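To start, the structure under review is shown below, and the notes come after it.
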Amino acid sequence: MKRFAASELFHSFRHNRSAMIGAAIVAMFVVMVSIGPWLVAQDPYDVAQLELMDSFKPPVWLEGGVPQYLLGTDGQGRDVLASIVYGSRISLFIGFTAMLGSCVLGAALGLLAGFYGGKLDSVIMRIADIQLSFPSVLTALFLMSAFGTGADKVLIALISVGWVVYARIVRGSTLRESQKEYVQAARVSGLPNRKIILRHVLPNVLTPLIVVATIQVGTFILIEASLSFLGVGVPITEPSLGLLIKNGFDVLFSGLWWISVFPGLFIMLIVFGINLLGDFLRDELNPRLK
Amino acid sequence: MTMTPLPSAEPTATPLLSVTGLKTYFHTFAGVVKAVDGVSFDLALGEILGLVGESGGGKSMIGFSIMGLIDPPGRIEAGEIRFEGQDLLRLDEARMRGVRGKRIAMIFQDPMTALNPLYTVGNQLEEMLRLHTDMPAGQRRARCVEMLRDVGIPQPEERLDSYPHQFSGGMRQRVVIAIAMIAGPRLLIADEPTTALDVTIQAQLLRLMKRQVEQTRASLILITHDLAAVSQMADKVVVLYCGRIVERGPTARLIRRPAHHYTRGLLDSIPHDDRSRRRLHQIPGSVPNIRALPPGCAFAPRCSAAQPLCREVEPVLAEFAPGHAAACHFPLEAKL
Amino acid sequence: MAPLLQVHDLQQRFDASGGFFDRLRWRDGRLSAPRRIVHAVNGVSLSIGRGEVLGIVGESGCGKSTLAKTVIKLHQPTGGRIVLDGEDITGHDFARMRPIRSKMQMIFQDPYASLNPRQRVCDIVMEPFLENAPGKVRDAKDRALALLAKVGLGPEHADRYPHQFSGGQRQRIGIARALSVEPELIIADEPVSALDVSIQAQILNLMMDLKDEMNFSYLFITHDLSVVRHISDRIGVMYLGFMVETGSTEAIFDTPKHPYTRALLAAAPVLGAPLAAAAEEIRGEVPSAFHLPSGCCFRTRCPLAFDRCAAERPVLRQQGDGQAVACHLHDATAIAPTLEANA
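Taken in order, these protein sequences are the chains called P, B and Y.
What the first sequence shows, in my numbering, is residues 1274 to 1563, in sequence order.
What the second sequence shows, in my numbering, is residues 14 to 349, in sequence order.
What the third sequence shows, in my numbering, is residues 135 to 477, in sequence order.
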């Protein structure tokens, strides 16, 4: 940690305002999803805590708003703020897990394709091409129709599209690194391929992934929101921010805007924060821009 | 025709290029890098100057400073670069652009990246004529063909329409030289122009550059780490160490009787014909961290003749023979 | 005593044509998928005795690096034989190469690319040893320190990462790595060409001192004539994948016989000497290794080429005193018409 504080990365971070804003936003969300449930008064999915009497209350600063519900309530009397806190958990969980899954799967396939080349490379990269031409909505629809809704299906849909970008980057870096003399030196030392890949190639192809992984969390949150909005995402029992928008959408034009708009604003905010951070990392970790 | 009295001094008395006290610093996270630290030298018209030093010596940065191509975090802190009577450091970017390419041209080490892969060689040659001369469009092509022939490219009429990737490395560097010379610059700066090329090609190109410079009466600054190549090309040599000049002088004299221990060490570490001497002379240690140079003489930690004085007081460049100067408290020459 | 390494008629070709769709061409009204073959090494034979230094010199693209990497089996040769210490290793697979790895090691050209940036120095230098040692070795750290000391690095360097070292120090680390298994043959591929002159001398001295101390052999690849002259007992000159001349260092430099060798020697810059006269310079450039010229590989640039050079490929012929040259001009069995005329 001391080494990081003294590093050049941290130094330029301290001098980059947008990176600090991005980090602050992301940190705020992390705090919100980890301790938020203990701060809001209501568990919006515990039916026992809902008061139907309090349905469609506007935000506190509008006429009819109550301090108990800062951002108003929806048709079932759920606190919008509490829904957002719980929804953010699901959105972030899905975004982050899908990113991790894509990263591991994509990196592994990219390493194999780049290191061994030949037929294996062709097969993996053609599958990647096919995946790219296949929108995640379609994959999600297919999975849904076959297995029903659920966060796990959303994850599979996201990962099945998300791994491609890692595979491509890792394959490219692997091709480049494998040509380097230290990999040849490892061969001359008599290391088996498995050890060469894990000990020599893998640690040297990871850096560019950090940038992609960061930005992808934001992208995945957006895609998940779209899927949920379209009704092919998470089930109603575990609503993400996207599903909250959909719930409010039905009554949006009746002037009950807050049910949709606040979750939307939160999606915007988190993706914005993640992208600021990602842009900073892209500039810092890209040796060509240095 | 008017009868103006001739100026009393010959025009050769004012050198083509005169660099005085040039300091180019880079302000990085880890500290200030004094890439060029108080460098002064003159270059007369028609003269060839060799800038020699090892990596980190600051030789390339002198070339970039003259061309006005220092980008942040780099900055020219002090000094004067007087070229044809005007101080280049005082020119604004627009007027500098008129000097760059037209009056001063530069050749880089890597002929692969110096040419734009998307344009034909002819386009790139003509571009220089269009930018820097008032030659009518009709004559430009003929001039380009002539230039390509001059630098020894066979079938220049056809090759004019080729793209850079259709040339080999050596031919590409010839094209780069042609582009540099076509606008008739007075000064050519060549930064390691043959390092990326083979020995046999290297000899061809060095000869070509020498001939081009002689024919057009231009001057040449040859920046290189290769003392042997410099000894064959240059009229005078400037030896750099850690951004400072350690020795400068006429080539033959400097090679035969080096005064600075670093120059001597460099010359001696080139493997020799004499196979009986099994071990090469070596300069111990390595180049110090340029962000934290030792006080006194930067070479003192590696110098076999260093005295306590060397570690305390930085020696100044002192001339002890016409044109031959060294920055050393205990120069080799003094013993003779 | 049999030589340590014997290479016989070694050939190395690469298919550079890429995938099937990249190769597809429409030519003469037909669809075809021709292959593009790089002829990198074309029938090279050499031998190295124990404690001997064989220098291979040539320009870029002459196949000298490929030769080195094929001998150490980074590439599988497409033809010929490699015999190390009496054992034919040409067809050895990974498992059978393993014991060979401790007899033959390599020093690489680029001190920046040849060390894994994420590995500590002590792990780098011990990797070949640990990989070839039977079972775990407890004194690995001590061995690493001893190795580092041997190449002039202190114990404080052991736990650092490569980026904390200068080019010369990195090359020392690379040398220590090669020495960790106490090899009998070290293949050095341009080990000093990326270094500054003053550091070059340090590394060359170190390499020669280590050789004298441990009595291994070098196959030393370089493009630098002054370096190869300094370090080698014998020299082979390569051009376009062919060995055009071999002989003792003195013979090559004092009585070069092949026109290419002569041109190469003439072109090398010599301190204080005037630029070589244009007459001695060879014109043109190296032909493509995709399409070798017929007959002699050098005939397209040779000022002395005659009919036979295009018709027949010259082979290395002994010229007495161990010097051999692949040139029709030096074929004693036939009449060499132009040698005197042009000499």
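Each residue gets a CB set at the ideal place from its N, CA and C atoms; glycine is no exception.
Since the structure is predicted, the reported quantities are computational estimates derived from the model, not experimental observations.
From which residue to which residue does the beta strand (DSSP E) around P:Gln1341 run? It is not in any beta strand (DSSP E) - P:Gln1341 carries neither H nor E in the DSSP assignment.
Any chain P beta carbon closer than 8 Å to Y:Gln305: Output row for Y:Gln305: interface = no.
Strictly by DSSP, which residues pair up with B:Met119? B:Ile202.
For a contact meaning CB atoms closer than 7 Å, what does Y:Glu193 contact in chain B? Near Y:Glu193 (Cβ distances below 7 Å), the residues of chain B are Asp211, Val212, Thr213.
Taking only beta-carbon atoms, is P:Asn1477 less than 8 Å away from chain Y? Cβ-Cβ to chain Y under 8 Å: yes for P:Asn1477.
What residues of chain Y sit near B:Ser68, judged by a beta carbon separation below 7 Å? What B:Ser68 touches in chain Y: Asp330.
From what residue to what residue does the alpha helix (DSSP H) around P:Leu1495 run? Residues 1480-1503.
Leaving out the 5 sequence neighbours to the left and right, which residues in its chain are closer than 8 Å to P:Asn1289 when beta-carbon positions are compared? Correct list, in chain order: Phe1553.
Between the alpha carbons of B:Arg103 and B:Val112, how many angstroms are there, rounded? Approximately 13 Å, taken between the alpha carbons.
Taking 8 Å as the threshold (beta carbon to beta carbon), is Y:Leu473 in contact with chain P? Any answer about Y:Leu473 is weak, because its pLDDT of 47 lies below 50 and its placement is not dependable; what the coordinates show is given next. So no, Y:Leu473 is outside the interface.
Under 9 Å (Cβ pairs) to chain Y, residues found in the region 1449-1463 of chain P: Across the region 1449-1463 of chain P, CB contacts with chain Y closer than 9 Å involve Gln1452, Lys1453, Glu1454, Tyr1455, Val1456, Gln1457, Ala1458, Ala1459, Arg1460, Val1461, Ser1462, Gly1463, in sequence order along the chain.
Can a CB atom of chain B be found closer than 8 Å to the CB of Y:Ser248? Residue contact with chain B for Y:Ser248: absent (no Cβ-Cβ distance below 8 Å to any residue of chain B).
Cβ distance (whole Å) where P:Gly1345 is taken to contact P:Ile1494 below 8 Å: About 23 Å separates the two Cβ atoms, so there is no contact after all.
Should the region 1533-1546 of chain P be called in touch with the region 1298-1316 of chain P, which here means at least 3 C-beta pairs below 8 Å? Counting Cβ pairs under 8 Å, three or more are found: they touch.
Assign P:Ile1540 to buried or exposed, taking buried as 16 or more other Cβ atoms, counted over all protein chains shown, within 10 Å of its Cβ. By the 16-neighbour rule on beta-carbons within 10 angstroms, P:Ile1540 is buried.
Given a cut-off of 8 Å, decide if Y:Pro325 and Y:Leu249 are closer than it, judged by their beta-carbon atoms. Here Y:Leu249 is not near Y:Pro325, since their CB atoms are 8 Å or more apart.
Check each candidate in P:Arg1460, P:Ile1397, P:Tyr1455, P:Asp1523 and name the one with the smallest Cα separation from Y:Leu208. Minimum Cα distance to Y:Leu208 is reached at P:Arg1460.
Nearest to B:Gly44 by alpha carbon, out of P:Glu1336, P:His1284, P:Thr1492? Out of P:Glu1336, P:His1284, P:Thr1492, P:His1284 has the C-alpha closest to the C-alpha of B:Gly44.
Please report the residue range of the alpha helix (DSSP H) in which Y:Trp160 lies. Element bounds for Y:Trp160: not the alpha helix (DSSP H) but the beta strand (DSSP E), 159-161.
Please tell me whether P:Val1485 and P:Val1474 are closer than 8 Å, where the distance is taken between their beta carbons. Using a Cβ distance threshold of 8 Å, P:Val1485 and P:Val1474 do not count as a contacting pair.
Residues of chain P with a CB under 7 Å from the CB of Y:Phe350: which are they? Chain P residues near Y:Phe350: none, gap ~15 Å exceeds 7 Å.
Output the distance between the C-alpha atoms of B:Gly34 and B:Leu330, rounded to the nearest integer angstrom. Each residue's Cα considered, the two are about 12 Å apart.
For the beta strand (DSSP E) containing Y:Arg215, name the first residue and the last one. Note, Y:Arg215: beta strand (DSSP E), 213-218.
Whole angstroms is fine: what's the gap from B:Pro328's alpha carbon to B:Pro297's? Take the alpha-carbon of B:Pro328 and the one of B:Pro297: they are about 21 Å apart.
Segment contact flag, the region 138-150 of chain B with the region 214-230 of chain B, C-beta cutoff 8 Å, min 3 pairs: Too few Cβ pairs lie closer than 8 Å, so no.
How far does the beta strand (DSSP E) with Y:Gln145 in it reach, from first residue to last? In the DSSP assignment, Y:Gln145 falls within the beta strand (DSSP E) that extends over 139-149.
Chain B partners of Y:Leu409, CB-CB under 8 Å? Correct list: Ala216, Leu219, Arg220, Lys223, Gln245, Met246.
Return the first residue and the last residue of the alpha helix (DSSP H) that P:Ala1355 is part of. Unbroken alpha helix (DSSP H) run through P:Ala1355: 1353-1389.
Pairwise C-alpha distance: B:Gln215 and Y:Leu405: It is roughly 15 Å from the alpha-carbon of Y:Leu405 to the alpha-carbon of B:Gln215.
State the start and end residues of the unbroken beta strand (DSSP E) segment that holds Y:His173. First-last of the beta strand (DSSP E) with Y:His173: 171-182.
Got a sec? Which residues, its chain only, sit under 7 Å from Y:Ala328 by beta carbon, not counting five neighbours each side? Cβ neighbours of Y:Ala328 beyond the five flanking positions: Gln243, Asp244, Pro245, Gly301.
From B:Ala193 to B:Val226, what distance separates their C-alpha atoms? Going from the Cα of B:Ala193 to the Cα of B:Val226 covers about 11 Å.
Taking only beta-carbon positions, decide if B:Arg230 is within less than 8 Å of chain Y. No, because no Cβ of chain Y sits closer than 8 Å to the Cβ of B:Arg230.
When you compare each of P:Ala1386, P:Leu1517, P:Gln1349 to P:Ser1451 by their alpha carbons, which one comes out closest? Checked all of P:Ala1386, P:Leu1517, P:Gln1349; the closest Cα to P:Ser1451 is P:Ala1386.
Under the DSSP definition of a beta bridge, which residues are partnered with B:Val46? Answer by DSSP bridge pairing, in chain order: B:Phe39.
For Y:Glu265 and chain P, any beta-carbon pair shorter than 8 Å? At least one chain P Cβ lies under 8 Å of Y:Glu265.
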